[in-house]
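Letter by letter, the sequence shown follows residues 3 to 170 of the working numbering.
A virtual CB, placed ideally from N, CA and C, is assigned to each residue, including glycine.
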Amino acid sequence: MDITTIAKLQKEGLLLSPLVVDLFKIYTEHIRPVIDSDNLKLEQRRALFKPTLIVKSDKKQLLANNFELYHLIKSHNLDQDTLKQNVLVSSLTEEESNLGIAFFELIEITSRYKAILDLSIIYTKLNNILTKDMTQKLFKKNIFSIITFCTLIGITDRAYHARNTGSV
3 MDITTIAKLQ
13 KEGLLLSPLV
23 VDLFKIYTEH
33 IRPVIDSDNL
43 KLEQRRALFK
53 PTLIVKSDKK
63 QLLANNFELY
73 HLIKSHNLDQ
83 DTLKQNVLVS
93 SLTEEESNLG
103 IAFFELIEIT
113 SRYKAILDLS
123 IIYTKLNNIL
133 TKDMTQKLFK
143 KNIFSIITFC
153 TLIGITDRAY
163 HARNTGSV
């Protein structure tokens, strides 16, 4: 595992791995805007302590996980202390890269903020992303059911449905 800084990652340029673009989109559009500023700062600190996986391919660096770090890297208004923050980086080959790492990171974040998120949108988006092969690899099942989603984020399917009908 190597150590780099946010400033170096900004300078080198970092793109998203095509495998995880849709997961980052869910985070950016449906989770991050709902998180208050104090919790967002906490997510940024968590991002700095979690190993970041980068796929090296054809002179490109593709980020394979770490949702909040991506937003830090793409931000243009970071202070010097943040830019100097160390980041643990591990390189992967394209063959080693997979959706599972980012998927379970997104599930972990969803679980932390499940009380304030629109879980039906997140489930629908995830269900549209996951193919039969992906669900087979991740869960040894052919479909990504609401029950599986609820189990992963730590609620009952009854609570999920109650929230969606407004009868909570």
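Bounds of the beta strand (DSSP E) holding THR6 are 4 to 7.
Looking at the backbone, the Cα of CYS152 and that of SER113 are separated by about 9 Å. For THR150, there is no enclosing beta strand (DSSP E); the residue is part of the alpha helix (DSSP H) that begins and ends at 148 to 155.
Distance from the CA atom of PHE51 to the CA atom of GLU110, rounded to whole angstroms, is 15 Å.
According to DSSP, residue pairing for ASN88 in a beta bridge involves THR7.
For VAL36, the closest of LEU101, SER19, LEU119 by C-alpha to C-alpha distance is LEU119.
Secondary structure remark: continuous beta strand (DSSP E) runs of at least 3 residues inside the segment 31 to 76, in chain order: 54 to 59, 62 to 65.
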